[in-house]
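To start, the structure itself, in structure tokens.
Residue numbers (the numbering used here), protein chains in the order written: chain A, -3 to 305; chain B, 6 to 435.
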């Protein structure tokens, strides 16, 4: 045994050494063979369009022919002048806040419930996950009916209590809260699934040890479960941030960004003010701003919070 | 490299093909030509009429094949710029004229049909209403073949008017109209069905008020460069804001789409709607109403948008749509002939089956519905026909006008600020 052990230990290091010695030179054929297809596709479909958008953003251009009317940073000036853009920014921020303060705690709570070995837990898991499976557009249309003050579910509930039903989606002070409700409903199941996976990865013996030490349920949760779930929570928040910045297809059928642009998000703003108005230059500028926000958020978040994950 | 090689091969192929085509053109009746017809008609009955017409044309011209391509309304508007510049461009597509058509005409992606209109001593030109041809012409060239025009006017529920004690015939001025709105409110009836969610239904109000206040010359001056901040526009915007302050619309109108709005009127939940010429037809009522029936034809009345005391506009100045078919640059030569077949030779059929008001001269007789005929009669006396502003002013200014109309009526913006925003967008286009 003692003779074999050093040999076994030596073997991997030897392999490592030869690999290192062969180094980059040995990898060249592989790089030459495998990199171009990916690089070409990435350049063609990611880098080029981004560069083009940056280029278009300096023109007053309606999408026909080639852009010719150079207007410098005018499009960017216009973006920051638009109150609808400010609304969109605030709304995106609100979505992130609500995700972190309401959606993720809710998802975590439900996840701890449905991972317990009680009867029917799997069924509940499925039920809670269902909204996430539903297509965004379909969810938007369904909730438009639900919120309808004339025929919708909300109207029926109000009528049951003998009240006049409100039109939440038509009131610019309330509409976005209604949208936030739908967002929480739609995506909590996704976060719940992440947490279920995280919870299942926690070593049961740690919790048992805490039990033996006489920890209460709360103590177990805050001192053991939550710290061990740290990386999942950080991932969940990351998805919430990215999801907020991408939110588009549920808003369009639900409110279309209205009333009075009170439910615009960055992407619906881009679509309604860039694409639908045939202001491709302006839309490109919004795209560039959105890109900068995304990159900044994503990288700084990864740098600061997910360094160790 | 691969792309280049492919292109070369294709070019060579094209060369061979064109040589063959040249050779074979000596022999009559050769290759099949395909006319790609891009449309946004979602109604199966109306589409069936078109399919019938296309089939008839194919029968008369065995070498022509007509292919239908459908895009939904918003998708159509969003995709068209890219589509037109691709190899997949359709041969013909629908237009509302105005600024969008102008933008398209400047790109070289579409071809004008002037030559076809002036052929045979201007035969086609003489077969269509001159106002319609003018409306789709830019700098002396006809950029689309007119097919139909429309008229926006007030439709009202006779029963509800009677209940509130209003005589529709007595509504001549805007003050009369607002008085009627107040009477309806007093009688506990929702006065107007409005579609603030889609926004453009509210722009009808702003457009008509501005037209009535400024008149044709004032309006032309504004579009010609004077801009939208003059006294007349301010007054019209203020009137719209005042109307909004009376809260004349149904509850939740700011979220209502156009189908929602039509349902409000067809269900009898509001007394008035400012709407298209076909509002009162039984088909439209049945489509719009929640119960699938809607209001009876004899329960719906119509009156023109009232004039403003002291305004320059006339009661005979009309506001409404004007539609045509555009031919793309590389469309087969037969496309124009087919469009003529569709819009002129079959105008009567379209009027009868699809409830449109064709622009072809002499097709009035085929308009069977009484209320449609009434609209047609008003249009025949028109002193000015203004296209929808959200089309006429182009997609950018047009959408700002729509936004501002809703903001004005809901009290979200002052008339000065609203006009400033319209002006900002307008000066970007100049």
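No residue lacks a Cβ here, since even glycine has one placed at the ideal position from N, Cα and C.
Residues of the same chain with a CB within less than 7 Å of the CB of residue 223/B, apart from the 5 flanking positions on each side, are 237, 317 in chain order. Rounded to the nearest whole angstrom, the C-alpha separation of residue 429/B and residue 409/B is 12 Å.
For residue 271/A, the neighbours in chain B by C-beta distance under 7 Å run, in chain order, 83. A check of alpha carbon separations from residue 198/B across 243/B, 229/B, 168/B, 267/B identifies 267/B as the nearest. If you check the CB distance, residue 323/B and residue 221/B do not come in under 8 Å. Among the residues facing chain A, residue 362/B is not included, as its CB has no counterpart in that chain under 8 Å away. Interface with chain A (8 Å Cβ-Cβ cutoff): residue 109/B is included. Residues of chain A whose Cβ lies closer than 8 Å to the Cβ of residue 258/B are, in chain order, 166. Taking all protein chains shown into account, residue 185/B has 16 or more neighbouring C-beta atoms within 10 Å of its C-beta and is therefore buried. For the 8 Å CB-CB criterion, residue 288/B and residue 300/B do not form a contact. Around the beta carbon of residue 59/A, 16 or more other beta carbons sit within 10 angstroms, so the residue counts as buried. Taking C-alpha positions only, residue 353/B is separated from residue 334/B by approximately 29 Å.
Neighbourhood of residue 392/B in chain A, by CB distance below 8 Å: empty, with the nearest CB roughly 17 Å away. The beta-carbon of residue 274/A is placed less than 8 Å from the nearest beta-carbon of chain B. Taking CB atoms only, residue 307/B has no neighbour in chain A less than 8 Å away.
About 11 Å separates the beta carbons of residue 52/A and residue 66/A, which is beyond the 8 Å limit, so they are not a contact pair.
Look at the beta carbons and you see the segment 223 to 232 of chain B not touching the segment 136 to 152 of chain A: under three pairs across the two are nearer than 8 Å. Per DSSP, the beta-bridge partners of residue 365/B are 133/B. Within chain A, the residues whose beta carbon sits less than 9 Å from that of residue 404/B are 268, 269, 272, 273, listed in sequence order.
Non-local C-beta neighbours of residue 185/A in its own chain, meaning closer than 6 Å and more than five positions away in sequence, comprise 124, 125, 127, 128, ordered along the chain. Look at the segment 162 to 192 of chain A: the residues with a C-beta under 7 Å from a C-beta of chain B are 163, 165, 166. When DSSP states are grouped into helix, strand and coil, residue 41/B belongs to the strand group.
For residue 400/B, there is no enclosing beta strand (DSSP E); the residue is found in the alpha helix (DSSP H) stretching over 399 to 414. Look at the segment 47 to 80 of chain A: the residues with a C-beta under 7 Å from a C-beta of chain B are 56, 58, 59, 60, 61.
Between residue 255/A and chain B, the shortest Cβ-Cβ separation is below 8 Å.
With respect to the 8 Å criterion, residue 88/A and residue 261/A are classified as neighbours on the basis of their beta carbons.
Non-local beta-carbon contacts of residue 221/A in its own chain, meaning distances under 8 Å to residues more than five positions away in sequence, involve 108, 195, 198, 203 in chain order. Contacts with chain A at 8 Å (Cβ-Cβ) include residue 415/B. Assigned with DSSP and collapsed to three states, residue 178/B falls in strand. The beta-bridge partner set that DSSP reports for residue 327/B consists of 154/B.
Residue contact with chain A for residue 183/B: absent (no Cβ-Cβ distance below 8 Å to any residue of chain A). Note that the segment 348 to 363 of chain B touches the segment 43 to 57 of chain B; at least 3 beta-carbon pairs, one per stretch, sit closer than 8 Å. One Cα belongs to residue 325/B, the other to residue 266/A, and the distance between them is close to 30 Å.
For residue 283/A, the closest Cβ of chain B is not nearer than 8 Å. Following the DSSP letters along the chain, one finds residue 389/B in no alpha helix (DSSP H) but inside the beta strand (DSSP E) bounded by residues 389 to 391.
The alpha-carbon separation between residue 321/B and residue 327/B amounts to approximately 17 Å.
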